[in-house]
Ligand SMILES: *[C@@H]1O[C@H](CO)[C@@H](O)[C@H](O)[C@H]1NC(C)=O
Ligand SMILES: *[C@@H]1O[C@H](CO)[C@@H](O)[C@H](O)[C@H]1NC(C)=O
């Protein structure tokens with residue numbers, strides 16, 4: 004018994020020493036304000052899921068899926084519509100065709116947050132309604148440089164099947180018009 008306790012203690016001390024040594028490493032290519040502390044070892048098995056679907060954002064017409072709910076006094080004078088805030092309830096479908104199978108809805112807010120160049124900050128919940136993902140959701144929060152053909156946004160959390168999820172979404176504009184309506188392809192990689 005006593006021997007076992009000593010062994011456990013020794014292992015703990017060695018683990019602490021190992022972590023401290025790893026923590027001291029730093030790379031010359033990193034700037035002064037950043038430091039890689041250590042590489043975290045995985046202790047549990049995780050699932051990696053890839054989702055591909057299309058996001059339909061309609062701001063024009065009689066039945067817009069995204070509406071402007073707030074703006075700054077200067078918004079209309081700004082070339083980037085800085086300060087405009089929209090609330091969206093956008094359908095997510097299987098293919099770019101708006102009439103294709105509904106797989107979920109993107110609900111939440113996005114606002115124009117760039118003064119020099121057009122860019123959005125997205126705070127949205129993508130709630131799915133198809134098959135085993137019905138009732139599960141992911142939360143996307145990040146910068147969407149919507150004028151870039153491809154952009155990346157972080158997935159910060161999830162519910163249901165995607166509980167504790169983290170990951171990233173690659174968004175590519177599939178179609179848009181001058182009114183600001185757009186169909187965007189999403190390719191999401193999740194660890195959960
Ligand atoms: C999703 O789940 C809800 C609630 O359990 C149910 O009413 C609905 O029919 C389901 N939808 C699909 C497409 O399976
Ligand atoms: C989707 O993203 C994954 C992971 O980043 C990548 O391997 C795959 O090629 C992408 N698919 C498409 C159609 O862009």
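Numbering (this note's numbering), first residue to last: 4 to 195. All residues carry an ideal CB built from backbone N, CA and C; glycine is no exception. No experiment lies behind these values; they were computed from the predicted model shown.
Distance check for residue j and residue i, CA to CA, integer angstroms please.
i: residue 53; j: residue 86; result: 33 Å
i: residue 97; j: residue 131; result: 11 Å
i: residue 47; j: residue 41; result: 18 Å
i: residue 29; j: residue 174; result: Because the pLDDT at residue 29 is just 48, under 50, the model does not fix this residue reliably, and the point stays unresolved.
i: residue 189; j: residue 34; result: 32 Å
i: residue 27; j: residue 45; result: Here residue 27 scores only 43 on pLDDT, less than 50, and its place in the model is too uncertain to base an answer on.
i: residue 160; j: residue 171; result: 10 Å
i: residue 134; j: residue 104; result: 12 Å
For residue i, name the three-state secondary structure that DSSP assigns.
i: residue 145; result: strand
i: residue 86; result: coil
i: residue 114; result: strand
i: residue 64; result: coil
i: residue 161; result: strand
Identify the continuous beta strand (DSSP E) that holds residue i and give its terminal residues.
i: residue 78; result: Premise fails: residue 78 is in no beta strand (DSSP E) and is neither H nor E.
i: residue 124; result: 123 to 131
i: residue 120; result: Run containing residue 120: none; DSSP gives neither H nor E here.
i: residue 56; result: 51 to 60
i: residue 179; result: 169 to 179
i: residue 135; result: Where residue 135 is concerned, there is no enclosing beta strand (DSSP E), given that its DSSP letter is neither H nor E.
query = So, do the stretch 50 to 64 and the stretch 72 to 83 have three or more beta carbon pairs nearer to each other than 8 Å?
reply = no
inquiry  = Considering only heavy atoms of ligand 2 and the C-beta of each residue, which residues fall inside 7 Å, strictly closer?
reply    = 53, 55, 173, 190, 192
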